[in-house]
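S.K.:
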Amino acid sequence: MTAQHTEPRESPYGDPYESPYETGAPYEQVRAEAYGPLDDAARAWLDAARADAAARVPEWELRFAEAGRNCAAPDAARVLLLAAARPSAAAVTRLYRQGSAAERRAVLLALPYLDPAPGDGVPLVEDALRANDTLLVAAALGPYAARHLAPHAWRHAVLKCLFTGVPLAAVAGLERRARGDGELARMLTAFAAERTAAGRAVPEDLRRALTLTEEL
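Residues in the sequence shown are numbered from 1030 upward in steps of one, following our numbering.
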């Protein structure tokens, strides 16, 4: 469901790539993020929207779209709605495919809580990683991708983060997956050489990731 409005691109967390969901925050923390900045009217709206989602009344998907103009932290609110609805894999895919950029981001952030089968969830992650929207890329690389994204795709996602300026702090499970990864080390070294040859600075994140690959 595509929202009929334009949401602000700024993140409610200060840094546009910082969100508790990329690192798989406990559900209660997500709830606190959603409700914390709300006034009484907005709290009542979110309570009603979650009840609709839990009952799976048809209007709950409209509430999912409307969260951007009713909640100060729409990412968190939408994650709560998805968690309440427990939609089928087909519904999750539809919400992602038909959604605005903000709605697609929320679907990606909710994947660790919904935990769809890899055959259903990984294609959404892979689609987001092909996007030019760096906030979608960051959202895609949460705990779900850390568990299920294939090594080749995951390595290229790390390179895309470095190329597009997405901080590697957004990559859940980086230390575990990069440790001892010789192929990732080769790719990082080649990328650093290209940057150096072009007279461009090598990102500090690249040096950190390369150090991780050397650990066993």
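From the three backbone atoms N, C-alpha and C, an ideal C-beta is built for every residue, glycine too.
1) Note down, in chain order, each residue of its chain lying with its Cβ closer than 6 angstroms to the Cβ of Ala-1112, except the 5 sequence neighbours on either side.
2) Apply the 10 Å Cβ neighbour rule to Pro-1103 and answer buried if 16 or more other Cβ atoms are within range, or exposed otherwise.
3) Is the beta carbon of Ala-1162 sitting closer than 7 angstroms to the one on Ala-1131?
4) What's the gap between the Cα of Leu-1239 and the Cα of Glu-1212?
5) In the DSSP assignment, find the alpha helix (DSSP H) that holds Ala-1179 and state where it starts and stops.
6) If I'm right that Leu-1110 touches Arg-1060 with Cβ under 8 angstroms, what's the distance once you round it to whole angstroms?
7) Taking buried to mean at least 16 other C-beta atoms within 10 Å of its own C-beta, is Gly-1276 buried or exposed?
8) Could you pull out every residue in the same chain whose Cβ sits closer than 6 angstroms to the Cβ of Ala-1276, ignoring the five residues on either side in sequence?
M.R.: From the atom records:
1) Cβ neighbours of Ala-1112 beyond the five flanking positions: Tyr-1142.
2) Pro-1103 comes out buried.
3) Looking at the sequence provided, one finds Asp at residue 1162 rather than Ala. Cβ atoms of Asp-1162 and Ala-1131: not closer than 7 angstroms.
4) Across the structure, Leu-1239 and Glu-1212 are spaced so that their CA atoms are roughly 11 angstroms apart.
5) From DSSP, Ala-1179 is part of no alpha helix (DSSP H); its letter is neither H nor E.
6) About 12 angstroms; that fails the 8 angstroms criterion.
7) In the structure as shown, the chain starts at 1030 and stops at 1245, and residue 1276 therefore has no counterpart that could be examined.
8) Outside the shown range of the chain (1030 to 1245) lies residue 1276, about which nothing can therefore be said.
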